[in-house]
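Enquirer:
Residue numbers (the numbering used here): 2 to 117.
(1) My guess is that residue 14 and residue 71 are in contact by the Cβ rule of under 8 Å, so how many angstroms apart are they, rounded?
(2) With distances taken Cα to Cα, identify the nearest neighbour of residue 94 among 60, 81 and 102.
(3) Quick check: the stretch 98 to 112 against the stretch 42 to 61, are at least 3 beta-carbon pairs closer than 8 Å?
(4) Which residue from 66, 16 and 6 puts its Cα closest to that of residue 44?
(5) Any idea if residue 96 is buried or exposed, counting beta-carbon neighbours within 10 angstroms, 16 or more meaning buried?
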């Protein structure tokens with residue numbers, strides 16, 4: 002049953018990630034902004050979920066692993082940083098790296114504390 006819950010959550014998270022990237026590109030912004038947005042949003046959702054405490058395992062599988070796991074993406078984040086460096090936009094790469102870490106950890110912590 003757990004793999005089905007993970008897959009069900011992924012059915013919502015993965016398309017949202019794709020949509021965020023496409024919106025960033027369509028608005029002539031760097032696709033890294035779409036990655037940043039979904040990573041921060043997913044961190045906040047997961048922080049709230051974990052902050053709630055005794056969340057049933059099926060909910061953790063559906064929302065935490067399935068939805069948040071496919072909404073957020075470390076591999077694309079890494080590729081965005083590498084791409085920016087290759088484009089010789091080192092300042093933007095460092096800013097993106099810093100923003101992702103600070104905002105991701107910050108929203109996860111804030112969500113956790115708010116749910117407590």
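Every residue gets a Cβ at the ideal spot worked out from N, C-alpha and C, and that includes glycine.
Only a predicted model underlies this, so the values are computations on that prediction, with no experimental measurement involved.
Expert: Taking the coordinates as given:
(1) Going by Cβ atoms, the distance from residue 14 to residue 71 rounds to 4 Å, so yes, they are a contact pair.
(2) When only C-alpha atoms are compared, the closest one is 81.
(3) Yes, the stretch 42 to 61 touches the stretch 98 to 112.
(4) Residue 44 has its Cα closest to that of 66, out of 66, 16 and 6.
(5) So residue 96 counts as exposed.
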